[in-house]
Every structure is written in structure tokens, then in C-alpha cells.
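Student: This is the structure I have questions about; it appears just below.
There are 2 protein chains.
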Amino acid sequence: MTTHRAASPSLIDVARAAGVSTATAGRALGGYGQVRAGTRERVLAAAAELGYRTNGLARSMITGSTQTIGVVVTDVANPFFATALRGVTDVVQPAGFEVLLANTGSAVEAERRAITVMSEKRVDGVIVAAAQPSQGAHLKHAIDLGVPIVLLDRQVAGVADADSVTIDNEQAAADAVAHLLELGHRRIGVVTEAGDRLAGLRGAGNRRKGLFPSAVRLRGYLRAIGAAGLEIDEGLIGSARYDRDSAYDATIRLLARDDPPTAILCTDNVLASGAFRAAQDRGLRMPDQLSLVGFDDEPWTTLVRPELTIVEQPTYDLGTRAGRRLLDRITGARDGRTVHVQLQAKLLVRGSTGAPAAR
Amino acid sequence: MTTHRAASPSLIDVARAAGVSTATAGRALGGYGQVRAGTRERVLAAAAELGYRTNGLARSMITGSTQTIGVVVTDVANPFFATALRGVTDVVQPAGFEVLLANTGSAVEAERRAITVMSEKRVDGVIVAAAQPSQGAHLKHAIDLGVPIVLLDRQVAGVADADSVTIDNEQAAADAVAHLLELGHRRIGVVTEAGDRLAGLRGAGNRRKGLFPSAVRLRGYLRAIGAAGLEIDEGLIGSARYDRDSAYDATIRLLARDDPPTAILCTDNVLASGAFRAAQDRGLRMPDQLSLVGFDDEPWTTLVRPELTIVEQPTYDLGTRAGRRLLDRITGARDGRTVHVQLQAKLLVRGSTGAPAAR
DNA sequence: CTGAAAGCGCTTACAG
DNA sequence: CTGAAAGCGCTTACAG
Numbered sequence: 030m031t032t033h034r035a036a037s038p039s040l041i042d043v044a045r046a047a048g049v050s051t052a053t054a055g056r057a058l059g060g061y062g063q064v065r066a067g068t069r070e071r072v073l074a075a076a077a078e079l080g081y082r083t084n085g086l087a088r089s090m091i092t093g094s095t096q097t098i099g100v101v102v103t104d105v106a107n108p109f110f111a112t113a114l115r116g117v118t119d120v121v122q123p124a125g126f127e128v129l130l131a132n133t134g135s136a137v138e139a140e141r142r143a144i145t146v147m148s149e150k151r152v153d154g155v156i157v158a159a160a161q162p163s164q165g166a167h168l169k170h171a172i173d174l175g176v177p178i179v180l181l182d183r184q185v186a187g188v189a190d191a192d193s194v195t196i197d198n199e200q201a202a203a204d205a206v207a208h209l210l211e212l213g214h215r216r217i218g219v220v221t222e223a224g225d226r227l228a229g230l231r232g233a234g235n236r237r238k239g240l241f242p243s244a245v246r247l248r249g250y251l252r253a254i255g256a257a258g259l260e261i262d263e264g265l266i267g268s269a270r271y272d273r274d275s276a277y278d279a280t281i282r283l284l285a286r287d288d289p290p291t292a293i294l295c296t297d298n299v300l301a302s303g304a305f306r307a308a309q310d311r312g313l314r315m316p317d318q319l320s321l322v323g324f325d326d327e328p329w330t331t332l333v334r335p336e337l338t339i340v341e342q343p344t345y346d347l348g349t350r351a352g353r354r355l356l357d358r359i360t361g362a363r364d365g366r367t368v369h370v371q372l373q374a375k376l377l378v379r380g381s382t383g384a385p386a387a388r
Numbered sequence: 030m031t032t033h034r035a036a037s038p039s040l041i042d043v044a045r046a047a048g049v050s051t052a053t054a055g056r057a058l059g060g061y062g063q064v065r066a067g068t069r070e071r072v073l074a075a076a077a078e079l080g081y082r083t084n085g086l087a088r089s090m091i092t093g094s095t096q097t098i099g100v101v102v103t104d105v106a107n108p109f110f111a112t113a114l115r116g117v118t119d120v121v122q123p124a125g126f127e128v129l130l131a132n133t134g135s136a137v138e139a140e141r142r143a144i145t146v147m148s149e150k151r152v153d154g155v156i157v158a159a160a161q162p163s164q165g166a167h168l169k170h171a172i173d174l175g176v177p178i179v180l181l182d183r184q185v186a187g188v189a190d191a192d193s194v195t196i197d198n199e200q201a202a203a204d205a206v207a208h209l210l211e212l213g214h215r216r217i218g219v220v221t222e223a224g225d226r227l228a229g230l231r232g233a234g235n236r237r238k239g240l241f242p243s244a245v246r247l248r249g250y251l252r253a254i255g256a257a258g259l260e261i262d263e264g265l266i267g268s269a270r271y272d273r274d275s276a277y278d279a280t281i282r283l284l285a286r287d288d289p290p291t292a293i294l295c296t297d298n299v300l301a302s303g304a305f306r307a308a309q310d311r312g313l314r315m316p317d318q319l320s321l322v323g324f325d326d327e328p329w330t331t332l333v334r335p336e337l338t339i340v341e342q343p344t345y346d347l348g349t350r351a352g353r354r355l356l357d358r359i360t361g362a363r364d365g366r367t368v369h370v371q372l373q374a375k376l377l378v379r380g381s382t383g384a385p386a387a388r
């Protein structure tokens, strides 16, 4: 029973059916301006009768607002971004905004395209977790065109006028190392994605912009080790790619040293899972023979034995704060001042960390 | 150095600067129609000079296409939907479509609003993981208005004209039970969200529509038990809410029976994590004293000891298939026939299942 | 409170 | 290949 589908009725059709002008029909349907109650009812009845729905494109073209924000992430399937995204939607949807989502797969070119398209679709603003924090020219360009941008999780080099909501990753990693130092560890290893950035991080520079969170965490590790008066031993810095197997290998290498670390910090949840497996396969008792610290409170960290000590990031809040900040930019007080929110992570001490075994 | 920002330049401005008509400027910029190479260059130069960007709203209003699809899920933070969503974006973005995302929190009212707004924004189609598979009136309404819909993960009652892409959950659960039966188990328990649907499932009905995946899985369990000639023992059906603690409690209750199950199937990944913890806390050796089967290949399932036997759902593919199907509906062969794709899950046998201990 | 008219920024026939 | 004109479906001053 496929009925012939007429073109979607427009305001003109509704107005005609209700015997009013399109201006009046628009006022009744759009909830703006003044309309007599009786008139409104007649219009609404006609609209319902015809199956009318507002054309949001036409409305947006006139009002200059789409009630839509863009969200650009590197990987929605990553629980970190999925959770932050949930935070964004939970704040933004009740305020009457929709979310246009783009996944970049960490490719700057894809990010550039996404920003362009979103800008052409006239989103009211964009939240972006940059693919490459060192490359922000296209973001600056968008800002110059009048698109408000809030950076999520990564500060980007060369983008002065964007707000940002990030986690204090340097302090988070330093806290974890401090915990291990306090337990008496002196040879503390790290499994990290940012091993290749080591030279730059050891320099005097203290910029946050342009660095991936993993690099900032590595700097926190270096800082804490240095603050304790210990030498930085590059042999304790295990480089890995962003996957479990690579972290597994890096951990095995660290443990194979003549003088292996008694504790290891992993700068990420995925890396931690690889390190945990490596410790398991090596038959090391945790925490006696090896203490381990990871990032993110994922389900597995409390299912394994011992439970994993972790740095808990306020991931959901990261999203809500970014959403709220963007809404403020769009609607309310456009005081113009650029805001950089930095949230604190929390060390959750569990069974995988303890004093090193006496030797 | 805040320069005064002029209103975004329009095609008229570009045309004037290039000394051509708006029609020609539009053709040069939009890549449609015929334009002489020299003319095109002049127009592009003028556009670049002025910082012109196409107004997608105006374009969409005329062309009747927004190159945007809606995706409606209950919870983006759930790894299942996050992964499926990634599948959708990976298919749809390269084809030139953007994704408008809505999170419903399983509330039908939120879903209704999301569909309405998306429809008003004139998305070209919508993929929806229904909040309540039993309630589909608003979806049917949208379809009648001309919005193509592809159902994801859940068939919905009363929505005849929507395509669907789902997983064969009944077969998946039945396979898991068959595996346990083959190992020699006779008292097989189940921890499920759908315990309250039991009466309806035991009836003769064989509809898939209107049921949550958990309910379909429970039916698979019932079918497999019945097919083996065993009695359904309602005492072996542990009801839980959708959280780890509730599953933990349900498992503890099952294990406290005089005649406890020797194996347990969990109809979901979250429930499985609770059941695993319960088995751990009870000090039960797996698989000897208890065999356990879960759903979804989450990281934790290979980090715990023993590793968990699971039913692996093709979650990412669920998204890619739904995306592709919707694109087909929108662009290509609108043959009109409604398509129901059902993907098969795969049992991954690992250490948590084995023959029951002799007693 | 209501309406006639203008206009948002494009694309699309239609002529040339 | 190019342009003048119409039109997509709304909202917004402006009058009354």
C-alpha cells in the first residue's frame, strides 16, 4: 500500500489551509512573535492535517543559527573519546543543540575536510580533539572565519583563540611516579608512545601546546624522577606503538635488562594491558616482583588479579566541560577571553603497586 | 589584533569581484555545469581572496539533499555502539556524508525528539538503534514522511518499511549453549537482563521484532536447552539489571543453590564481568568447577585467568553494513524492497569453558 | 494581532 | 560557455 508521496508541504500550504498569511503561520508554528490563541489553533490544526514539518534549513539560513555543533575526534571507537562524546551530548542536547560527528582516524587531511564541511554546513561551533597537536593552521583558519572552537584533550600549536579543556597529564604522571617513589622504588620504568619525543621533552621547554597527551605524561615522569634527585636512565624508557602487542614487547625488553625496573608506569590504558600480560607471562608476582600503574579506569583493571593501580581521568567531565564552554561561547557571555580548563586526574591505588621486594 | 569581522561573503560578492554572474560563479565553485577554464580560475581566485565558503544550507535547500545522515543510539559510551558508530562513519564519510549523532539514553521520548529534529534538519536518512524495540510509531511516522530508516541491532515492532541490520542473537546464544552441552554440562545457568520476558519467550511466538537482543538471546538459550531434551529449570535463570553488581548478585544466587549450575552463559559483556568476579570471589576454579561464557571480545576477556570463552559479535561490521544499506537507499537502486541483514556471531572457545568436574 | 513584501544564498531551467 | 530571472521555504522589519 504505497501511497503516492506528495512533496513535503511548506508553510505556504499550511497558511493557505488555515486561511492566514505565511507570516502568521510561521509565528504560530515557530513560537515567535504574537498570535491570537484561536489563530494559533487553526494553524496548528492545519499543519497537523497536512503533516507539516518545519524546514530547518530555511529557518537556519535566516536566523543564522543551526543549533548544531561539530565534534571531531580521532577515533569514536576508543572508549576515551566515546565517553567524552557522551559527556558532550549530555550537555548539548538538553540545550537544544545537535551534534555533527566526524572521525578523523588521526589524519590531519581528514580533519581539515571535516572542519571545512562543518563550517560550510554552518555549525555554530566545533569541539575538536586534534589529530596532530602540532598542526593547527586549518583550525586557526576556521576561527578566523568566525567558527568558535574548543579544543578537547590536546592543546594545539598556533591556535591562540581557541578555548581548551584538557587533563593535567603532566601532574597525573608525576603523581603516579611519586607514589612509586614513596613505596621505595628507585628503578622505575615507563612504557610510552612518546619515546621518540624524549630529546625535546628533556629540553628547557615547558610548552603544553603541540604535544600529545602521551608526551606530556612522559614529561611528568621525567620531572618526577628528576625532582627525586634520580638520574634519568634512558634504558628504562620503553617505546611502544599504540597497541597491546607492542607494549607487551616493550615490557618484555625492560624486564630482560640486567637491572630491570621494579616498577613500571604505562602512559595509556592500551599499553597497560600489554604490560600486564607481559608481567603475567613472565610469571612475575605483582606487586612484590613488579609494581604496575596504568591509565583509565577500564573494566579490566578491577577484574584482573591483582587489581591495577591506575590514574583515573575525568573523561566524561572532559566532554561536559567542553560542551558547556562551547555553548557559552555560542550563546551567552562572549566575553572574548580565551579559557583553558585543566582537569585533575586522580591516582587510584590498588593491588598492583607495593613496596619492592627486598633483594 | 582583532580585525572587524565582516559578514561572510556570499556568491554575489564573489561574482562581482570576478566580474561574472552568480550563476557562473556558482558553477565554477560548485563544480557543476560548464565553465571556461579561464573564467573558473578568475572565480576561484576571487573566492580565495574574499575567504568565501559555500553556504551549505542554501545549497541543500535547493538540491534537496544535505549529504547528512542521522545516527541514533541509546548510549555512545557503550563500546558496542561506539564501535558500530565507527563502522558507520568509516563507510559514510568517504562517500561524502556527514553524521548527525543523537544519544537517547534509552528514553523513547528522547528518541522521538531526535528523529523529529533530524527530519526537520532534512537529513537524507537515519540509522537507529531503538530505545524500546516495542515502540516504533514515531519511526513509522518518519518513514511515512519520506525519511529512509535503517534499524540497527534491534528489530522494531510495527515498522514494516525499515531495513534492518542485526546480529543473529538467537543462534549465537544457542551455539554457546550447544558448546556447553557438548562438554557434558547438564545444569546450565544463564545470567540475563531479560528474565522478566521469560513467559512470553516460552510461548509459541517466534517474532524477532519488538525484542531486545538480550531477550532474543534468552530465547536461544531456551531453544538449545529444549532441543537437547532437557527440562527448562527456571531456577537456573538468573535475572539481573544491566550492571556489573547486579550480575554479580545474580551469579552468587545461582551458585548458592543446592544444585548449582556447572556452567553459566551471560547474555552480555557487562553481565559477564559481574559473573566472572562472583566466580573469583567464590574461589571457584574455572573451568573445572564452573564454566563461563560471555558476549563480546572486550580487552578484559583475554587479560583475566582463565581467558574467557565468548561469543564474538561482528560489531564493527554491523555499522558498516547499516551505513552501506542506508547509502544504497539514499542514492542508488531504490528498488523499494525492504532488506533485513542478519550477521552471524562466532563462538571463541577459550580457557573458561571445559568439561564439568566429575562428582 | 495580522499581512504584504523583502530577502537569506544558493541552483536551475531557459535563452542566447 | 554565460547571464537574467525565478524560486527553494522560511523570518523579519514595517505598516496597519
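Which chain is which? The protein sequence lines are A and B, in order.
Numbers 30 to 388, taken from the numbering used here, label the letters of the first sequence in order.
Numbers 30 to 388, taken from the numbering used here, label the letters of the second sequence in order.
The beta-carbon is built from N, C-alpha and C at its ideal position, and this holds for glycine as well.
Nothing here was measured: the structure is a model prediction, and the numbers come from that model.
Residues of the region 147–172 of chain B in Cβ contact with chain A at a cutoff of 8 Å, in chain order, please.
Tutor: Answer set for the region 147–172 of chain B: M147, S148, E149, K150 and R151.
Student: For S193 of chain B, which three-state DSSP category applies?
Tutor: Reduced to three states, the DSSP call for S193 of chain B is strand.
Student: Please tell me whether N2 of chain A has its Cβ less than 8 Å away from any Cβ of chain B.
Tutor: For residue 2 of chain A there is no data in the structure shown, the boundaries of chain A being 30 and 388.
Student: Let me see if you follow: with CB-CB separation under 8 Å, is R82 of chain A close to chain B or not?
Tutor: Answer yes: the Cβ-Cβ gap between R82 of chain A and chain B drops below 8 Å somewhere.
Student: Where does V299 of chain A sit, in a helix, a strand or coil, going by DSSP?
Tutor: Of the three classes helix, strand and coil, the one that applies to V299 of chain A here is helix, per DSSP.
Student: Around the C-beta of T31 of chain A, are 16 or more other C-beta atoms found within 10 angstroms, so that it is buried, or is it exposed?
Tutor: Bear in mind that the predicted position of T31 of chain A carries a pLDDT of just 33, short of 50, making it too unreliable to give a figure here.
Student: With which residues is N132 of chain A paired in a DSSP beta bridge?
Tutor: Paired residues: A:V102.
Student: Pick out whichever of B:A269, B:L130, B:E70 and B:M90 has its Cα sitting closest to the Cα of I98 of chain B.
Tutor: When only C-alpha atoms are compared, the closest one is B:L130.
Student: Is DSSP giving H167 of chain B helix, strand or coil here?
Tutor: Three-state DSSP puts H167 of chain B in a helix.
Student: May I ask you to report which of helix, strand or coil DSSP gives L377 of chain B?
Tutor: In the structure shown, L377 of chain B sits in a strand (DSSP, three-state: E or B).
Student: When DSSP labels each residue in this structure, what does A77 of chain A get in the three-state scheme?
Tutor: Note: A77 of chain A maps to helix in three-state DSSP.
Student: Kindly list, in the order they appear in chain B, the residues whose Cβ is closer than 9 Å to that of S89 of chain A.
Tutor: Simply L86 and K150.
Student: Looking only at its chain, what residues have a beta carbon closer than 8 Å to the beta carbon of V105 of chain A, apart from the 5 residues adjacent to it on each side?
Tutor: If we look at V105 of chain A and ignore the five residues flanking it on each side, its Cβ neighbours are A111, L114, L130 and N132.
Student: At a Cβ threshold of 8 Å, is L174 of chain A touching chain B?
Tutor: By this cut-off, L174 of chain A is an interface position.
Student: Kindly say whether D182 of chain B, judged by its beta-carbon, lies nearer than 8 Å to any beta-carbon of chain A.
Tutor: By this cut-off, D182 of chain B is not an interface position.
Student: Please classify E327 of chain A as buried or exposed, where buried requires at least 16 neighbouring CB atoms within 10 angstroms.
Tutor: Label assigned to E327 of chain A: buried.
Student: So which residues on chain A does V333 of chain B lean against when the C-beta distance must stay under 9 Å?
Tutor: Those are W329, L332, V333 and R334, listed as they occur along chain A.
Student: In chain A, which residues lie with their C-beta within 8 Å of the C-beta of S37 of chain B?
Tutor: Per Cβ cutoff of 8 Å: L174 and G175.
Student: Could you please tell me which residues of the region 106–118 of chain A, in chain order, have their CB closer than 7 Å to any CB of chain B?
Tutor: Against chain B - using a Cβ distance shorter than 7 Å - the residues of the region 106–118 of chain A are A106, P108, A111, T112, L114, R115 and T118.
Student: Label D182 of chain A either buried or exposed according to how many other C-beta atoms from any shown protein chain fall within 10 Å of its C-beta, with 16 as the threshold for buried.
Tutor: Buried: at least 16 other Cβ atoms inside 10 Å.
Student: At what residues does the alpha helix (DSSP H) containing I359 of chain B begin and finish?
Tutor: T344 to I359 is the extent of the alpha helix (DSSP H) around I359 of chain B.
Student: Along chain B, in chain order, which residues have C-beta atoms closer than 9 Å to that of R397 of chain A?
Tutor: Since the first residue of chain A shown is 30 and the last is 388, residue 397 of chain A is not available in this structure.
Student: To the nearest angstrom, report how far apart L300 of chain B and L332 of chain B are at their CA atoms.
Tutor: The straight-line gap from Cα to Cα measures roughly 17 Å.
Student: Where does G125 of chain B fall in DSSP's three states?
Tutor: Reduced to three states, the DSSP call for G125 of chain B is coil.
Student: Flag G229 of chain B as yes when its Cβ comes closer than 7 Å to any non-hydrogen atom of the ligand ZN, and as no otherwise.
Tutor: Judged by which ligands are present, the structure shown has none, so any question about the ligand ZN falls away.
Student: Which residue from B:A374, B:F241 and B:G365 puts its Cα closest to that of Y389 of chain B?
Tutor: Nothing in the structure corresponds to residue 389 of chain B, since chain B is present only between 30 and 388.
Student: Answer with yes or no whether the minimum CB distance from V128 of chain A to chain B is below 8 Å.
Tutor: At least one chain B Cβ lies under 8 Å of V128 of chain A.
Student: By the 10 Å Cβ neighbour count, where 16 or more other Cβ atoms means buried, how is Q122 of chain A classified, buried or exposed?
Tutor: Buried is the call here.
Student: Going by DSSP in three states, E138 of chain B sits in which element: helix, strand or coil?
Tutor: Reduced to three states, the DSSP call for E138 of chain B is helix.
Student: Using the beta-carbon of each residue, which ones in chain B are nearer than 7 Å to S275 of chain A?
Tutor: The premise fails here: S275 of chain A is roughly 15 Å from chain B at the closest Cβ pair, so nothing lies under 7 Å.
Student: Under 8 Å Cβ-Cβ, which residues of chain B neighbour D104 of chain A?
Tutor: Correct list: R115.
Student: So which residues on chain A does A131 of chain B lean against when the C-beta distance must stay under 9 Å?
Tutor: Near A131 of chain B (Cβ distances below 9 Å), the residues of chain A are T118, Q122, E127 and V128.
Student: Would you mind telling me which residues of chain B sit closer than 8 Å to S302 of chain A, beta carbon to beta carbon, in chain order?
Tutor: Under the 8 Å cutoff, chain B gives P328 and L332.
Student: Which same chain residues end up closer than 6 Å to L40 of chain B when comparing Cβ atoms and leaving out the 5 residues on each side of it in sequence?
Tutor: T51, A54 and G55.
Student: In its own chain, which residues sit with a C-beta less than 6 Å from the C-beta of L319 of chain B, not counting the 5 before and 5 after it?
Tutor: Same-chain partners within the cutoff: A308 and L313.
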